[in-house]
Amino acid sequence: MSAAEQVKLTNFESIFSLEGKVAVVTGGIMQAGASKVYITSRKKAACDEAVAALNALPNKRPGAVAISVPADSSRMDELDRLVAEISKTTDHVDILFANAGATWGEKFDTHPEKMFSKVMDLNVKSIFYTIQKLAPLLSAKATREDPSRVIVTASAAAIHLAKNLAVELGPRHILTNAIAPGFFPSKMASGLIESKGGLRHLEEFSPNGRLGRPEDIAGLVVFLGSRASSHLNGAVITTDGGAVLKGRL
């Protein structure tokens, strides 16, 4: 190994840097150090609020910008519009964080078909078609040495999808990996958390004594979007404090 290669290996700030990268985040707020971040979700107000907060960060890199592009990723026409809007201000995308999701708490015997379809459309179908529609931008500047990244937050179906897409998109220099989060306090998870005994019970059940925090996901997104993960493809990273090791949710 040459001296130059050794320097690259030990320069951890460079290994984990997203400087100069263009990222698209669906269904949430995430800046993570990229130079250009497109925030998209169904609700315009939520997108605008997230973008305003990101652009106001005191430690934001010079020239870095967050852009609001509201769209419903469960609809094909909205996905086409999303890609068209993004293409107006960039000719490529380096990182796609497919984070949109929904849940519906209902017993098996009474679960309505309409809500089942809504959850599957957003949690599985929309991930597939968001990646499909953005694939040309993701591959535009991707190379073997500097591949683009797709990161999904995973349901069981999304995990299977991510593994298949890792094989399908790998030859195009697009890496696909999944994050499998445990319980993170949120509006969407509140019903399930209560059904499992509440926050305190779940914190006591977790081997490390707490539930997830936003930085737990953010750190993984930075890792998976950076040069540090350039040989990781089709992986599923669980971030639940070890709760799954105890054999139940």
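Numbered by this note's numbering, the letters in the sequence shown go through residues 2 to 250 in order. Built from N, CA and C at the ideal position, the CB exists for glycine as well.
- Secondary structure note for K37: its beta strand (DSSP E) is the uninterrupted segment 37-41.
- Cβ-Cβ distances below 8 Å link R145 to H174 in the same chain, with the five nearest sequence neighbours on each side left out; the list follows chain order.
- Beta-bridge partners of L97 (DSSP): V25, V151.
- Per DSSP, the unbroken beta strand (DSSP E) holding T239 starts and ends at 237-240.
- In the three-state reduction of the DSSP assignment, T131 falls in the helix class, which pools H, G and I.
- Under the three-state reduction of DSSP output, A181 falls in the strand class.
- With respect to the C-alpha of G183, the residue from F206, V168, A163, E169 having the closest C-alpha is F206.
- The residues G235, in chain order, have a CB closer than 8 Å to that of V168 in the same chain once the five nearest residues on each side in sequence are set aside.
- For V66, the enclosing beta strand (DSSP E) has its first and last residue at 66-69.
- Note on geometry: alpha-carbon atoms of G226 and A159 lie some 18 Å from one another.
- Taking a C-beta distance under 8 Å as the contact criterion, T27 and S74 qualify as a contact pair.
- Residue burial is scored here from C-beta neighbours: L246 has fewer than 16 other C-beta atoms within 10 angstroms and is therefore classed as exposed.
- Collapsing the DSSP output to three states places L58 in coil.
- Straight across, the Cα-Cα distance linking I16 with A143 is about 17 Å.
- For the pair E14 and K119, the Cα-to-Cα distance works out to about 41 Å.
- Proximity of the segment 149-163 to the segment 88-101 meets the contact definition, three or more beta-carbon pairs being nearer than 8 Å.
- CA-to-CA, the gap between A47 and L83 works out to about 16 Å.
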